[in-house]
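In my numbering, the protein residues as written are 91 to 245.
Heads up, the beta-carbon is just placed ideally off N, CA and C, and yes, glycines get one too.
None of these values were measured; they are calculated from a predicted model.
Take a look at the structure set out below.
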Amino acid sequence: MPDCKWRWMPLPLHAGPHPVTQFRFGAMTTLRMASFNLFNYAVPGIFWHEREGGLTYEEDQWDSKRRWIAETLAVIDADIVAFQEVVSVEDLRSLVVQAGYPHFASVTEPRFLKNDADVFVNSTVAIASRHRIASAQEIKTFDRIIDQTLLDRAA
């Protein structure tokens, strides 16, 4: 295994990016990775967990959120970014390609209520990279746990 050196680069924590991890493999250049919680990345008209209460974005909020994400990606300058709380997968794909991440993968789909396709009950994850993604696959370790969650029972 190559010699690996890493360091944490702290960023303000809230819904948003987590610290960037920087790896150096021997003589190879540095590889920067980040984790980014998008807090309900769902296009306007998709509701978060229930339709009541207006739990969806307004167009101006959505535009602001997308701008903030693009700006944050530029600031963290990571080579690979893992995203959580993704509902609108294709919209995120479009955003990250425009932000300089031509490679993107999400191997699962968000889950929606059976009786209302505009209400999501479980988001998914995605990864964006400046480097080619050789393969991506779902890890099914927690199937039984996920199937037993309160939110998934409604799906």
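List the whole-angstrom C-beta distance separating D169 from L203, where the pair is believed to meet the contact cut-off of C-beta under 8 Å.
Locating residue 169 in the sequence shown gives position 79, where the first residue counts as 1. Locating residue 203 in the sequence shown gives position 113, where the first residue counts as 1. That belief does not hold up - the Cβ atoms of D169 and L203 are roughly 37 Å apart, past 8 Å.
Take the Cβ of W158 as the centre, count every other Cβ of all protein chains shown within 10 Å, and call the residue buried at 16 or more, exposed below.
For the purposes of this step, residue 158 is taken as residue 68 along the sequence shown, with counting starting at 1. Looking at its Cβ environment, which holds fewer than 16 other Cβ atoms inside 10 Å, W158 is exposed.
Does the Cβ-Cβ distance between A189 and A216 come in under 8 Å?
On the sequence shown, position 99 is the one that residue 189 refers to. On the sequence shown, position 126 is the one that residue 216 refers to. No. Outside cutoff.
Starting from T120, trace the alpha helix (DSSP H) both ways and give me its first and last residue.
As a first step, residue 120 is located in the sequence shown; it is residue number 30 there, counting from the start. Not the alpha helix (DSSP H): T120 falls in the beta strand (DSSP E), residues 120-131.
Nearest to F173 (by Cα), restricted to the options P134, Q227, A124, N205:
For the purposes of this step, residue 173 is taken as residue 83 along the sequence shown, with counting starting at 1. Checked all of P134, Q227, A124, N205; the closest Cα to F173 is A124.
Is the Cβ-Cβ distance between S228 and T198 less than 8 Å?
The sequence position of residue 228 within the sequence shown is 138, counting from 1. The sequence position of residue 198 within the sequence shown is 108, counting from 1. Per the sequence shown, the amino acid found at residue 228 is Glu instead of Ser. Contact flag set, yes.
Along the alpha helix (DSSP H) that carries T57, what are the first and last residues, could you check?
Nothing about residue 57 can be reported from this structure: the residues present for the chain run from 91 to 245 only.
With 16 other CB atoms within 10 Å as the buried threshold, where does I136 fall?
As a first step, residue 136 must be located in the sequence shown, where it is residue number 46. That one is buried.
Using a threshold of 8 Å, state whether the C-beta atoms of V165 and Y131 are closer than that.
Looking up residue 165 in the sequence shown gives position 75. Looking up residue 131 in the sequence shown gives position 41. Against a cut-off of 8 Å, the Cβ pair of Y131 and V165 comes out as no contact.
Based on the DSSP secondary-structure assignment, which residues constitute the bridge partners of H193?
What you label residue 193 is simply residue 103 of the sequence shown in a count that begins at 1. BP columns for H193 point to S219.
Mapping DSSP to helix, strand and coil, what is D208?
Along the sequence shown, one-based indexing puts residue 208 at 118. Strand at D208.
Classify S154: buried if its beta carbon has 16 or more other beta carbons within 10 angstroms, exposed otherwise.
Sequence index remark: in the sequence shown, residue 154 carries index 64 (1-based). It counts as exposed.
Looking at the unbroken beta strand (DSSP E) that takes in R201, where does it start and where does it end?
As a working mapping, residue 201 is identified with position 111 in the sequence shown. Unbroken beta strand (DSSP E) run through R201: 201-203.
Would R156 and H193 qualify as a contact pair, given that the criterion is a beta-carbon distance under 8 Å?
Position 66 of the sequence shown, counting from 1, holds the residue named residue 156. Position 103 of the sequence shown, counting from 1, holds the residue named residue 193. Their beta carbons are not under 8 Å apart, which means R156 does not touch H193 by this criterion.
I think A160 touches L185, with their Cβ atoms under 8 Å apart; what is that distance to the nearest whole Å?
Position 70 of the sequence shown, counting from 1, holds the residue named residue 160. Position 95 of the sequence shown, counting from 1, holds the residue named residue 185. Their Cβ separation, rounded to whole angstroms, is 6 Å, which keeps A160 and L185 in contact under 8 Å.
DSSP three-state label for V171, please.
Sequence index remark: in the sequence shown, residue 171 carries index 81 (1-based). Residue state, collapsed to three classes: strand.
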